[in-house]
Structures are given as C-alpha cells and as structure tokens.
Amino acid sequence: MRVLCLVMALFLLLAAPLRAQDRFETLAAGLSGGFGAQVETVERLGALGDARALPLLQALGEGRLQKRADGTLLLEQDGTVVEAVAGTPAAPGETVRINNRVRAALRGALGRLQLVAPQEGARLQAADGLFRSRSADNIPLLEQALAREAAPLVRARMELALAASRLVAADEAARRQGIEILSGSGSAEARSLLLEARAANPALAAPIDAAIAAIDARLQIRQAAETVFQGLSLGSILLLAALGLAITFGVMGIINMAHGEMVMLGAYTTVMVQEGFRGVPWLAPWSLPVSVPAAFLVTAAVGVALERGLIRHLYGRPLETLLMTFGVGMILQQAVRLLFGAQNREVVSPAWMQGTLALPGDITVTQNRLWIILFALVVLGLAVAAIRFTRFGLEMRAVVQNRRIAATMGIRTGRVDAMTFAFGSGIAGMAGVALSQVDNVSPNLGTGYIIDSFMVVVFGGVGSLAGTMIGAFTLGIVNKLLEPWAGAVLAKIAVLVGIMLFIQRRPKGLFALKGRAAEQ
Amino acid sequence: MKAGTLYLDGVSVVFDGFRALNSLSLVIEPGELRAIIGPNGAGKTTMMDIITGKTRPTAGTVQFGDHDLTRMDEAAIAELGIGRKFQKPTVFDALTVFENLELALKAPRDPWSCLRWVLPPAARRRIEATLAEIGLADRAGARAAILSHGQRQWLEIGMLLMQEPQLLLVDEPVAGMTDQETEHTAALLRRIAGQRSVVVVEHDLEFVRALGEKVTVLCEGAVLSEGSIDRVQNDPRVIEVYLGR
Amino acid sequence: MSATTAETPRLRPTRALILRGLLLAGLLILALLPLLNRLPPDHALHASDFIVSVSGKWMCYAMLALAIDLAWGYAGILSLGHGAFFALGGYAIGMHLMRLIGPRGVYGHPVLPDFMVFLGWTELPWYWWGFQFFPFALLMALAVPGLLAGLLGWLAFRSRITGVYLSIITQAMTYALMLAFFRNDMGFGGNNGFTDFKELLGMKLNTAGARAALFYAALLSLSGAVLLCRHLTRSKLGRVLVAVRDAESRVRFLGYSTVSVKLSVFVLSAMLAGLGGALYVPLVGIINPGEFSPGNSIEAVIWVAVGGRGTLVGALLGAFSVNAVKTWLTSFAPDLWLFALGGLFVAVTLFLPRGLIGLMRKGEER
C-alpha cells in the first residue's frame with residue numbers, strides 16, 4: 000500500500016508539468032471562441048500564471064492573433080505568421096476579434112502575467128501595478144510569483160504588493176500580516192495605504208499606527224540622508240571654488256578678487272575642449288577628463304601672468320591688491336563676453352556621469368554630483384600632497400614662513416610666489432571644469448562664487464586646507480538643512496549672517512593658528 | 000591695595016602648549032623705577048602684553064591698584080594710566096610731531112569730545128615744554144614720517160609723557176641710540192620715576208647700570224633673580240643663564 | 000585750532016588755493032546749470048536737459064564718494080558695501096514716493112502700491128507704516144543705513160576685523176541684501192523695485208520746476224556734506240582717524256577706544272551714503288535691487304581711488320570725472336566701458352596710489 004502511494008506520488012510529480020502544458024494548450028484554444036468564451040479563457044490564463052500565455056494575450060490585445068478555419072491559433076510577428084502553440088511557420092489566417100469586455104479582462108490578465116515575464120523590468124512594473132491596484136484576488140498570484148522570483152529588488156517590490164493586497168483581504172490575520180510587512184517599508188505610498196486601511200479597520204488602529212510611525216522614522220532618515228548628500232554636493236562645489244583661494248589668500252595672503260574669473264576661464268576651457276573634440280567621435284567622450292589638465296594649465300598660465308605682471312608690485316598692500324584684481328576680473332569677464340557671447344554655453348555630461356544611483360534605503364543620488372564630490376576630494380588630496388611632499392611645496396612653506404631666510408637659503412622667492420599663485424589659479428580652473436557640469440557656463444559664472452569662497456576660507460580658518468574642507472562641507476550642509484523651511488535665498492542670507500556672527504566668536508576661523516606666529 | 004601699585008601673581012600664558020610666562024609674580028610700587036632683563040624668549044614682551052591688555056593670561060592675577068587688568072581692553076588700561084613704549088617705535092607718520100603729542104595729551108578720548116576739541120593754552124604750553132624736553136622743538140610742524148630713528152624714539156617717549164601715566168612700560172628704549180642719547184634717556188627716565196612708576200625692559204646692561212635701580216631677571220617666563228645690578232650680576236644662576244652651561 | 004596743526008593732506012598754500020578755487024568754481028557752475036538750462040537752446044551757454052539731469056545724478060554719486068572717502072581715506076575702513084547704504088536711503092524715499100502715488104496706480108488701490116495688489120496682499124506691512132510722511136521717510140533714509148552700519152561695525156570692529164576681511168564682510172552684506180530685495184515677498188517690489196513716481200512734497204515730479212528743485216536740494220546737501228566732512232577731518236577726531244588708519248593698535252595704547260571712533264565715523268559715513276541715495280531716487284525716478292549689487296559699491300570705491308583718497312576734493316573729483324568718462328564712453332562704445340573701468344582699477348592702484356590729487360602733490364613729498 001505504501002509503495003503504491005509512493006509510486007502514485009512520483010507519477011503525479013512527473014505528470015504535473017505535463018498536465019500544466021495540457022492545460023495551457025487546451026485553455027489557449029478557447030481564445031478563438033466567442034466573446035464570452037474569450038473572457039473566460041483570458042481570465043483563466045491569467046490565473047494560471049504561465050509565462051507562455053503572455054505573447055498570446057499581448058497579440059490578442061494588439062490584433063495580431065489570427066485563427067485558421069479549424070480553430071488553430073496563429074501569431075503574427077513583424078509580418079511573418081507562426082502557429083501560436085507549436086511555433087512552426089504557417090500561412091496567415093483570419094484575425095481574432097475582441098470586444099471591450101475582453102479588453103478589460105486582458106488588462107487584468109496581462110498585469111498578472113507580467114509578474115512572471117522573463118524581463119526583470121516588466122516584472123518590477125507588474126509588481127508596482129499590483130501594489131497600486133491592490134486587490135485580495137492577487138494574493139495567490141503574488142505568492143506564486145514570489146516563490147519563483149530570484150531578483151532581490153523585484154522580490155522586495157512583490158512583497159510590498161503582497162502586503163498591500165493582504166491589507167484588503169477578508170481575513171484579519173492576513174491583514175495583520177500585511178500591516179507588519181508594510182511597516183518594514185520606507186515608501187510614502189505604503190504610508191498612504193496604511194492610512195486608508197486605518198479608516199477601514201478601526202479594530203486594527205494600534206498596529207497600523209505603529210507601522211506608520213515606523214515608516215515615518217524611515218522616511219525621515221532617508222530625507223536626512225538625501226539632504227546630507229545635497230549638502231555634501233554643494234559643499235564639494237564650495238570646496239572646489241574655495242580651494243584655490245585657500246592657497247592664494249590663505250597661504251600667500253594675496254587677495255585675488257579675480258579668483259571667480261579663474262573658475263570661469265576653467266569652465267570655458269571645458270567648452271573649448273568639448274568643441275574641439277566634437278568632430279572626432281572616439282575622442283568626444285574623453286573631452287571632460289582632458290579638460291581637467293587643460294583648464295589647470297590655462298588658468299595657471301593666466302595666474303602666472305597676473306602675479307608676475309601686476310600683483311607682485313602690490314605686495315604688502317592688500318586693499319590695493321583687492322581693487323586691482325577686481326579690475327582684472329572685470330576685464331577678463333568682458334573679454335570672454337566679447338569672445339564667446341553673453342549667453343550660456345552648453346557643456347554635455349559624458350554618459351558615465353549621467354543618471355542616478357540607487358543606494359540602500361531607497362536613497363537616490365545623481366551620478367554627476369557624486370563624481371564632483373569625488374573630484375573635489377581628489378583635488379584636495381593632490382593639493383595637500385603637493386604642499387606636503389614635493390620640493391615646490393617645501394619651498395612654498397619656507398617662503399610663507401620667512402621670506403628673507405628662505406631667500407638666503409637660495410630659494411628664488413619670486414619664482415615660488417609665481418608658482419604658488421599659478422597653483423592656486425590652476426585649481427580654480429579645475430573647479431571650473433566641475434562647475435560646468437552643474438551650473439550655467441556664462442561670463443559671470445565666477446561672480447556668484449567669489450563671496451562664498453571667501454566665506455569658506457575665512458570660516459574654515461585662513462591658511463588651513465583641512466579647515467577649508469570642513470568649512471565647505473559644513474556650510475554646504477547647513478545651507479541645505481535650512482533650505483526646506485527658509486527657501487534658498489533666505490538660507491543663503493542666514494548662512495552669511497551666521498558666518499559674520501561666527502567670526503565674532505572666533506575671528507580666526509575654525510582652525511586658527513595660535514600663538515606668536517598668528518600675531519603678525 | 001595701594002593705588003598705583005602693579006601687582007602680578009601666578010601669571011601664566013600658554014600659546015599652543017608653549018609656556019611664554021610660567022607663574023610669574025611681580026610687584027611694582029608707585030614711583031619705583033624697575034629694570035627688567037632676561038635672555039631672548041624669557042617672556043619680557045609677553046609680560047608687557049599682559050599688563051597692557053594685548054594678551055590675556057591663561058591663569059593668574061594682574062592688578063593695577065584695585066583694577067583687574069585682565070578684564071579690561073587696551074584703551075581702558077591706557078586710560079587708567081598705564082602707558083607703553085614699544086620696542087619698535089610707532090608714531091603716526093601722517094601727522095606732525097606736534098599733532099602726535101596732541102593726540103597723546105591727556106584729555107577726553109570719546110569721538111564727540113575729539114570732534115569739539117579746541118587746544119587750551121595751558122595744554123599748548125605743556126606740549127611745547129615736552130617738545131623742548133625731547134629735543135624736537137624745531138621739528139614741531141614736520142611730519143613724523145621724516146624723523147630719524149632716534150627722533151622717533153624720543154617722540155614716542157614724549158607721547159608717553161603727554162599721557163601723564165602713573166605707570167610707564169618702556170620696551171628697549173635705547174635700541175639704536177648713540178651713547179650720548181642713551182645717557183640722556185637714562186637721565187630722563189630717572190627724572191620721570193619718583194612721580195610715576197617706570198618699568199624698563201632692556202638688553203643693554205650698561206644702560207641698566209646707568210639707571211642704578213632695582214633689577215629683575217626673567218628666565219623662561221618666571222623671575223630668576225631680583226635685586227641691585229651688582230647682586231644680580233653675581234648671582235650664579237644668572238651667570239649660568241647668560242653664559243650658558 | 001593751532002597754527003602748527005595744519006590740515007592733514009599738506010598742500011603748498013598756492014596749490015591748496017588752486018584746489019579750493021576749483022572746488023568753489025565747480026559748485027558755482029553746478030549752481031548755475033538749471034538757470035543755463037532756461038536759456039534758448041541755440042544760446043552758447045545753454046545747458047541741455049541731459050547735462051542737468053546727469054550732473055544731478057553725479058552730485059548724489061559724489062556724496063556716496065565722500066562717504067566712502069571718510070571711511071576709507073581717513074579711517075582706513077575699506078567698505079565694499081557702501082552701495083547698500085546708498086540703496087537703502089533710496090528705498091526709504093522710494094517707499095514714500097510709492098505711498099504718495101495713492102489711488103493713481105494701475106490697480107487704483109487707495110493705499111497699497113501696485114506690486115502688493117498684484118501679489119494679492121490686502122494690508123500694508125507694518126514696516127511700511129509712517130512712510131506717507133516725508134520727514135519720517137527722510138529720517139529712515141538716514142537711520143536705516145546708520146543702524147545697519149552701526150550693527151555691522153559694532154560686530155566687526157569689536158572683534159578687530161580689519162583690512163580685507165572687513166571689506167569682504169561688507170561685500171557679503173550688500174550681496175545678501177541684494178538677494179533679499181530681489182525676493183517678492185520682502186515687500187519691496189521684488190526685482191522691479193519702485194518706479195512710476197508721481198509727486199514729492201506737492202510737486203509733480205515730471206515738471207521742470209521739480210527737477211530744478213531736486214537739483215538744488217542735491218547741491219545743497221552735497222555742499223553741506225562737504226562742509227561737515229571738512230569740519231570733521233580737520234578736528235582732532237580727524238587726526239585720530241588718520242592715526243587709526245595708520246597704526247590702530249598704537250592708538251588703542253594711547254587710550255582711545257578705536258571701536259567707538261571707527262564706529263562713529265562708519266555710521267556717519269553710512270548715513271551720508273543714505274542721504275545720497277535718498278536724493279538720487281527722486282532724480283532718476285527708479286530704484287531696484289540692482290543698486291545693491293557688489294559691483295556698484297566697488298565702482299564707487301574706484302571713484303575715490305581715482306580722485307585721491309584721504310582728500311575730500313579727491314573724492315568729489317573722482318566721482319565727477321569717472322562718471323563723466325562713463326557717460327561719454329557708454330554712449331558710443333558700451334563694450335569698451337568695462338575694459339576701461341577694469342583698466343582704471345589696475346592703473347590707479349599700480350601707478351596712482353594717491354589718485355589725481357596725488358599727481359598735484361608729486362614733488363612735495365620729502
């Protein structure tokens with residue numbers, strides 16, 4: 000007896016796929032029947048959950064399903080006709096017609112069948128669709144699909160859809176289960192579903208409230224994470240803009256009001272490189288990486304000319320230097336305006352910088368901003384390394400600390416001044432490359448950054464690159480934290496006022512040099 | 000505490016871990032003339048900075064009479080009657096010698112009073128007397144920018160006198176002066192003391208000897224030795240510090 | 000004042016006389032301009048409407064230049080935000096002029112200016128109260144810049160922020176104000192600002208008589224400002240200012256509170272700039288947030304630098320000459336003007352640190 004049972008079971012197990020095949024084929028035949036039969040067939044195919052039904056139903060909806068006089072179904076695809084079940088080529092037949100009732104049934108069935116579609120995207124979409132349409136009928140379907148699903152992202156969405164469907168189930172235990180699962184999600188949609196369910200289920204108010212609270216907490220974390228990212232992004236831009244200034248102003252004590260124009264020149268170098276590469280298809284994607292050294296060289300050259308030609312004559316007279324460099328900035332701006340026109344120039348982002356990146360916890364970040372953050376940190380690292388570990392950096396520090404003694408040691412201080420200024424200007428140029436990705440490239444690009452850059456340098460502590468970095472990121476994040484309730488302009492004003500008050504308490508910035516060295 | 004007494008007790012100043020003053024204690028009686036000597040980095044200038052409010056002590060008491068100097072700013076301390084002559088003479092180049100003295104003259108210092116200020120005849124005579132005393136009577140109308148180094152030192156001393164301070168702090172007054180000028184300065188400082196207290200920081204031991212008063216030796220931010228110049232010069236610890244070990 | 004305490008910029012008596020003569024001649028010509036305007040157009044001495052209107056404007060600029068010179072040339076406070084004080088003075092009078100439009104606006108609202116009706120506001124914000132009275136508006140044109148300068152100066156001077164740091168902070172101030180005034184919901188007309196004024200003190204603004212009256216008001220104020228600054232810079236306070244400019248810490252050790260000295264002159268300077276702005280707005284008939292742009296303030300600084308800072312005549316000379324060149328150049332080669340202005344910044348700082356007046360003084364040094 001037991002052996003018999005075993006044999007039976009084994010047989011059943013082996014026969015199951017066979018029978019499913021049979022059922023699909025026999026069921027599919029119903030599609031060639033009358034409208035009533037079609038509706039019934041469509042619904043049953045949908046419930047069956049066999050992926051092979053998908054192309055058939057799609058063809059039916061799009062008027063590509065045909066039938067021969069004997070009732071065999073044919074599928075028309077791109078002008079060729081094949082037998083729907085067997086897949087062998089066949090002569091065209093008569094198109095199967097449908098009415099609105101069938102169409103309605105098709106929509107439901109297709110939605111369910113998409114759950115088992117071979118493409119991940121389609122399955123994801125189907126899960127989202129079921130999540131929104133939520134009906135208790137979908138529960139078995141989703142359970143089936145979940146059992147087969149391997150992709151984690153799709154699984155997560157299916158689970159959500161399943162939970163949403165359970166929320167409207169007749170069985171209270173199922174509803175509780177749904178609530179519990181939804182409480183683990185962090186989407187605003189789940190939250191509104193729960194709110195709806197709360198009105199319909201007064202008895203379940205307590206667990207629903209707990210679930211909503213859990214979702215809120217998660218949403219807040221996500222929002223905070225996104226704000227921090229935006230702040231980091233703004234901070235990285237401030238850092239790039241301020242880093243060159245931290246060297247020319249912070250280290251050398253030269254106040255360069257044309258610093259913003261150096262950034263602008265860097266951005267225009269990017270435009271030039273891009274236009275130069277336009278004709279050469281294999282070079283075009285490399286225009287941005289090539290722009291970085293190009294912009295550094297261009298602005299460094301302008302910096303050398305500016306320092307040797309003009310600024311050098313005004314050493315020790317900071318207010319005059321300020322006015323003079325402002326004039327230089329004006330001339331550079333006007334020259335660019337005449338050469339390139341006053342309108343904004345377009346800089347295209349390469350493909351690898353476009354799009355968004357999804358991080359765990361539903362946090363999405365734009366790729367170009369992520370690249371800029373990385374770029375800013377790399378540039379900072381290079382600047383620090385250049386100052387700490389190179390011969391040039393050593394000479395620069397020597398000249399800054401004691402010009403006369405450095406000169407007696409054989410350091411050509413004039414050359415070091417020029418190189419340091421060129422270095423700071425070059426970094427400004429590299430900042431321009433990055434800014435061309437997020438801001439309009441126009442002749443007055445730099446004016447918007449000069450005050451911010453000074454604030455960052457002063458806030459961080461003059462002469463400290465680490466202070467500049469922390470200053471930039473702090474200001475970026477504070478700005479973005481204030482924005483939601485103060486608006487962009489007021490947030491900016493608040494930050495400016497805040498810095499002024501901060502300087503009251505610590506006139507030398509966050510990272511102040513103390514003691515005798517700072518007294519001079 | 001007696002008015003006009005300068006009293007420093009346990010004063011320490013730390014810059015980034017470096018102890019510029021290390022629990023320094025010092026009392027200057029009214030009318031006393033005191034010379035302060037010490038090797039480089041002994042804390043002489045920092046001590047002056049503490050007394051005049053330029054630097055705040057990390058710990059300790061600084062009092063002038065009953066006034067707590069650590070709570071006052073430079074201007075208030077100067078108004079209190081503590082005048083300072085810097086190591087590097089600082090006079091106002093764009094103003095004439097006369098105007099420099101007029102600015103230093105003891106008078107209401109608020110902007111409104113300055114705006115309505117008219118020089119009274121008595122004050123004019125005082126300025127002229129001071130001009131004569133510092134040997135600049137014939138340069139009264141000249142801009143300070145064109146004075147020689149020695150003349151600038153004198154002008155600054157003159158400005159100190161115009162302030163009528165109770166306590167004068169004088170940092171290296173004879174640096175860059177000829178022997179004759181040095182002698183003249185010593186005589187002047189001796190004359191001033193008696194009416195007011197004078198603290199002179201100096202490297203020039205001959206000058207200190209010429210002053211002939213009590214000497215304090217600072218070393219590493221604290222008092223090393225105190226007494227007459229002869230006593231101090233024979234103190235083995237002082238010899239060790241000055242001549243090295 | 001004693002004979003030995005001659006004025007700070009020491010000019011040889013003849014040159015001082017020449018300068019004083021030039022100054023008086025200039026003021027006299029200005030005083031005659033509206034009268035010459037009445038002569039028939041073909042008369043040799045006829046002054047065109049254009050000349051009269053631009054010189055009115057320049058007088059307001061000259062007051063701004065005086066204000067900057069007082070702070071920078073004498074006290075060493077290089078403010079890159081004086082344009083903000085000028086603009087605030089202008090906005091105060093602008094508010095008065097807006098209130099006087101009354102029901103003559105496009106929307107015909109009896110009290111609210113057009114832009115408020117447009118924004119759907121139903122009530123006048125509290126900070127607009129009182130501006131229907133001219134004396135109040137004039138008071139505000141002086142008090143608001145003065146208070147702002149007082150607050151900023153108190154914060155900055157107290158913590159010993161000097162030199163370029165102070166300059167950058169003043170620039171940030173005018174930049175922040177510009178951003179604020181561009182906002183519609185600030186209640187100052189957003190980026191359109193105020194315009195379409197109708198009358199002032201009972202005069203229709205578009206009449207020749209009103210223009211002449213405003214012109215003389217500007218001339219009187221300018222002359223008064225010159226006299227005030229002259230008195231101040233020749234007083235002991237003026238000498239204290241110069242001392243602060245050259246060696247601030249030394250002044251402190253003399254017992255002067257440099258905070259109050261600098262603060263008082265900075266506030267006075269801001270009020271002077273505010274008065275300039277208050278006269279400027281009825282003359283040109285418009286005020287908008289562009290006046291707050293940092294470029295405006297720094298351009299005004301260069302007038303003073305060109306003329307010669309530290310002398311009152313220099314500030315006036317600079318304001319008039321640079322603006323004359325600007326008017327002339329922008330009329331036929333507007334592209335060149337910014338090059339010229341930028342070049343002026345470079346040339347003056349490198350070659351003419353004492354400005355045009357310094358040219359006259361060459362050879363007198365030492």
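Chains as they are written, first to last, in numbering that gives the first Met the number 0: chain S, 0 to 519; chain W, 0 to 244; chain L, 0 to 365.
Even for Gly, the Cβ is constructed at its ideal location relative to N, Cα and C.
Source: prediction; values computed, not measured.
Within 7 Å, strictly: CB atoms of residue i and residue j
| i | j | result |
| --- | --- | --- |
| valine 272 (chain S) | serine 286 (chain S) | yes |
| alanine 143 (chain W) | valine 90 (chain W) | yes |
| glycine 152 (chain L) | proline 317 (chain S) | no |
| methionine 523 (chain S) | glycine 423 (chain S) | The structure shown does not extend to residue 523 (chain S), since chain S spans only 0 to 519, so no value can be given for it. |
| glycine 425 (chain S) | alanine 299 (chain S) | yes |
| isoleucine 178 (chain S) | alanine 210 (chain S) | yes |
| alanine 318 (chain L) | tyrosine 60 (chain L) | yes |
| alanine 257 (chain S) | valine 327 (chain S) | yes |
CA nearest to the CA of residue i, picked from the options
| i | options | result |
| --- | --- | --- |
| serine 320 (chain L) | L:Glu298, L:Lys197, L:Asp195 | L:Glu298 |
| arginine 190 (chain W) | W:Gln62, W:Gly211, W:Gln232 | W:Gly211 |
| asparagine 255 (chain S) | L:Leu29, L:Ser166, L:Leu204, L:Arg157 | L:Ser166 |
| methionine 329 (chain S) | L:Leu335, L:Leu328, L:Leu253, L:Phe331 | L:Leu335 |
| asparagine 439 (chain S) | S:Arg390, S:Met468, S:Val347 | S:Val347 |
| leucine 161 (chain S) | S:Glu188, S:Arg147, S:Arg133 | S:Arg133 |
| glycine 42 (chain W) | W:Phe14, W:Glu205, W:Ile133 | W:Phe14 |
| isoleucine 160 (chain L) | L:Ala339, L:Thr257, L:Ile100 | L:Thr257 |
| leucine 118 (chain L) | L:Arg182, L:Leu23, L:Leu199 | L:Arg182 |
| leucine 474 (chain S) | S:Ile207, S:Gly230, S:Ala163 | S:Gly230 |
| lysine 2 (chain W) | W:Gln62, W:Ala136, W:Thr51 | In the sequence as displayed, the identity of residue 2 (chain W) is alanine instead of lysine. It is W:Gln62 whose Cα lies nearest to the Cα of alanine 2 (chain W). |
Residue-level contact to chain L via CB, residue i, 7 Å cutoff
| i | result |
| --- | --- |
| glutamate 73 (chain W) | yes |
| glutamate 319 (chain S) | yes |
| glycine 110 (chain S) | no |
| phenylalanine 458 (chain S) | no |
| glutamate 98 (chain W) | yes |
| glutamate 245 (chain W) | In the structure as shown, chain W begins at 0 and stops at 244. Residue 245 (chain W) is therefore absent and cannot be evaluated. |
Spatial distance of residue i from residue j (CA atoms)
| i | j | result |
| --- | --- | --- |
| serine 186 (chain S) | valine 227 (chain S) | 19 Å |
| proline 201 (chain S) | phenylalanine 187 (chain L) | 52 Å |
| alanine 283 (chain S) | phenylalanine 276 (chain S) | 5 Å |
| leucine 137 (chain L) | arginine 387 (chain S) | 58 Å |
| valine 461 (chain S) | isoleucine 498 (chain S) | 14 Å |
| leucine 55 (chain S) | methionine 157 (chain S) | 24 Å |
| leucine 91 (chain L) | alanine 140 (chain L) | As written in the sequence, residue 91 (chain L) is alanine, which differs from the leucine given in the question. Each residue's Cα considered, the two are about 5 Å apart. |
| glutamate 171 (chain W) | asparagine 401 (chain S) | 24 Å |
| methionine 71 (chain W) | serine 263 (chain L) | 21 Å |
| serine 22 (chain W) | glycine 220 (chain W) | 7 Å |
| alanine 50 (chain S) | leucine 112 (chain S) | 6 Å |
| arginine 504 (chain S) | arginine 307 (chain S) | 37 Å |
Short CB-CB distance (under 7 Å) between residue i and chain S
| i | result |
| --- | --- |
| methionine 359 (chain L) | no |
| glycine 317 (chain L) | no |
| arginine 182 (chain L) | yes |
| phenylalanine 252 (chain L) | no |
Residue-chain proximity (residue i, chain W), Cβ-Cβ < 7 Å
| i | result |
| --- | --- |
| tyrosine 255 (chain L) | yes |
| serine 263 (chain L) | yes |
| leucine 311 (chain L) | no |
beta-carbon residue i near the ligand MN non-hydrogen atom, thresh 6 Å
| i | result |
| --- | --- |
| alanine 350 (chain S) | Among the components modelled here there is no ligand, and therefore nothing to report on the ligand MN. |
### Task
Mind listing, in chain order, the continuous alpha helix (DSSP H) runs of no fewer than 4 residues lying wholly within the region 163-236 of chain L?
207-233
### Message
Ignoring anything shorter than 4 residues, give me the alpha helix (DSSP H) runs that lie fully in the region 107-144 of chain L, in order along the chain.
### Response
As far as the region 107-144 of chain L is concerned, its whole alpha helix (DSSP H) runs of at least 4 residues are 113-117.
### Query
Going along the region 254-287 of chain S in order, which residues come within less than 7 Å of chain C, judged by CB to CB distance?
Absent from the structure: chain C. Protein chains present are S, W and L.
### Task
Go through the region 298-354 of chain S residue by residue and report every complete run of the alpha helix (DSSP H) that reaches 4 residues or more, in order.
317-339
### Task
Return the chain-ordered ranges of every alpha helix (DSSP H) run that is complete within the region 298-344 of chain L and spans a minimum of 4 residues.
311-331
### Task
Would you mind listing the beta strand (DSSP E) stretches within the region 105-173 of chain W that are 3+ residues and don't spill past its ends, in chain order?
166-170
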